[in-house]
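The sequence shown: position 178 = 178 (UniProt numbering), numbered continuously. Virtual Cβ for every residue (Gly too), placed ideally from N, Cα, C. These notes are about the structure you will find just below.
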Amino acid sequence: MDNTLTAANLCLQRGQRWVIDDVSLTLNGGELVALIGPNGAGKSTLLRLLSGYLSADAGACQLEGRALGQWPAETLSRRRAVMLQQTQLRFDWSVVAIVAMGRAPWGSQRETGIVRDVLALTGCDELAQRRYATLSGGEQQRVQLARCLAQLWRDSAPEGWLFLDEPTSALDLYHQQQLLRLLKKLTVSGKLHVCVVLHDLNLAALWADRILLLHEGRLVAQGLPQQVIKTPVIAQWYGAEVQVSTHPGSGAPHVFLCA
Ligand SMILES: Nc1ncnc2c1ncn2[C@@H]1O[C@H](COP(=O)(O)OP(=O)(O)O)[C@@H](O)[C@H]1O
Ligand SMILES: [Mg+2]
1 MDNTLTAANL CLQRGQRWVI DDVSLTLNGG ELVALIGPNG AGKSTLLRLL SGYLSADAGA
61 CQLEGRALGQ WPAETLSRRR AVMLQQTQLR FDWSVVAIVA MGRAPWGSQR ETGIVRDVLA
121 LTGCDELAQR RYATLSGGEQ QRVQLARCLA QLWRDSAPEG WLFLDEPTSA LDLYHQQQLL
181 RLLKKLTVSG KLHVCVVLHD LNLAALWADR ILLLHEGRLV AQGLPQQVIK TPVIAQWYGA
241 EVQVSTHPGS GAPHVFLCA
């Protein structure tokens, strides 16, 4: 089976601007790919194009050998899940109900076992009976991750393509670590393929197999963390004064801001 997602020459215009400008890339099965770039670079937009939530003005995406637009909606929903930057809900639902909603593409049967497993995996068991609207931002993010994993659950683990837009933005240190360790563990199994927008370059450097750097709608750097997280690259595309050193435990690059 073709286990890749390829994008060829994607372009998207908003107003007078190309917010995505001739982007070509490949995501490989079993990879944890981090998408980085400054504010407004087009990361969220690119994630929506790659996951089929938006159609490009030009260019094409192929998921597992089939044009993304040709996938029947329900089949696609069983194969890829998306956690957006913000998820506002109009209804006052409980956490279990929201996670169970992730099972919608799989038909009407109740699958409480899956919901329970996913809540445990994401450390959300204690939130199960809470109303979603009463949760903190970080707790809501963890529940959204649980919902996405439920959506992709097959037999005993999630399978397919998971897109996450800044899933750690409201998480404390412990939960940042838990989330990235979990994503890493699930991708190493080879059945889950992850593309995650991260603002924290050090999280990206520590956990991503590959990093894509977007700037003004263009893919300006990509490669292993040590190929992308380098002082001149970060200084050039972020405009920030930084010094990149090495993580003492893993040897991964580590970005320090200059005071
Ligand atoms: N509907 C829209 N109309 C006009 N500009 C838009 C629209 N959607 C996105 N943009 C612009 O496209 C650029 C990329 O947005 P986005 O993908 O959200 O960036 P990022 O996630 O990297 O911060 C931003 O400059 C944003 O203002
Ligand atoms: Mg964004």
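Outcome for residue i when other beta-carbon atoms lying within 10 angstroms are tallied against a minimum of 16
i	result
residue 262	A query on residue 262 cannot be resolved here, the shown segment of the chain reaching from 1 to 259 and no further.
glutamate 74	exposed
proline 167	buried
lysine 185	exposed
arginine 103	buried
aspartate 2	exposed
proline 188	Looking at the sequence provided, one finds valine at residue 188 rather than proline. Result: exposed.
leucine 180	buried
leucine 257	exposed
glycine 42	buried
glycine 37	buried
threonine 246	exposed
glycine 160	buried
glutamine 151	buried
glutamine 141	buried
Simplified DSSP state of residue i, which is helix, strand or coil
i	result
glycine 160	strand
histidine 175	helix
alanine 60	strand
aspartate 21	strand
methionine 83	strand
proline 253	strand
glutamine 16	coil
glutamine 141	helix
leucine 212	strand
asparagine 202	helix
serine 55	coil
tryptophan 153	strand
Below-7 Å beta-carbon distance, residue i vs any chain C residue
i	result
alanine 170	The displayed structure is made up of one protein chain only, and chain C is not part of it.
Nearest-angstrom beta carbon gap, residue j and residue i [assumed within contact, 8 Å]
i	j	result
alanine 133	aspartate 92	5 Å
alanine 240	lysine 191	Not confirmed; about 37 Å, so no contact.
cysteine 61	threonine 26	Between threonine 26 and cysteine 61 the Cβ distance is about 11 Å, and since that is not below 8 Å, they are no contact.
valine 244	valine 255	5 Å
leucine 127	glutamate 111	The pair is not a contact, with the Cβ atoms about 19 Å apart (cut-off 8 Å).
serine 51	valine 82	5 Å
serine 55	glycine 65	That pair is no contact at about 19 Å.
Does the pairing of the segment 15–26 with the segment 213–227 give three or more beta-carbon distances under 8 Å?
Yes, they touch.
What residues does ligand 2 have around it, judged by CB closer than 7 Å to any heavy atom, in chain order?
This criterion selects Lys43, Ser44, Gln85, Asp165, Glu166, Val197.
Using 8 Å as the cut-off, can you tell me whether the segment 203–213 makes contact with the segment 222–229, which would need three or more C-beta pairs spanning the two stretches below that distance?
Of all C-beta pairs linking the segment 203–213 to the segment 222–229, three or more are shorter than 8 Å, placing the two stretches in contact.
With a threshold of 8 Å, are at least 3 pairs of Cβ atoms found where one atom belongs to the segment 7–14 and the other to the segment 45–52?
In short, these stretches touch, since the Cβ pair count reaches three.
Is the segment 159–176 touching the segment 189–198 in the sense that three or more CB pairs, one from each, lie closer than 8 Å?
Result yes; three or more Cβ-Cβ pairs closer than 8 Å.
On the three-pair Cβ rule with 8 Å, is the segment 170–177 touching the segment 81–96?
Contact between the segment 170–177 and the segment 81–96 is not established, with fewer than three Cβ pairs separated by less than 8 Å.
For the structure I just gave you, are there three or more beta carbon pairs, one from the segment 113–122 and one from the segment 141–150, closer than 8 Å?
Judged by pairs of C-beta atoms under 8 Å, the segment 113–122 touches the segment 141–150, as three or more such pairs exist.
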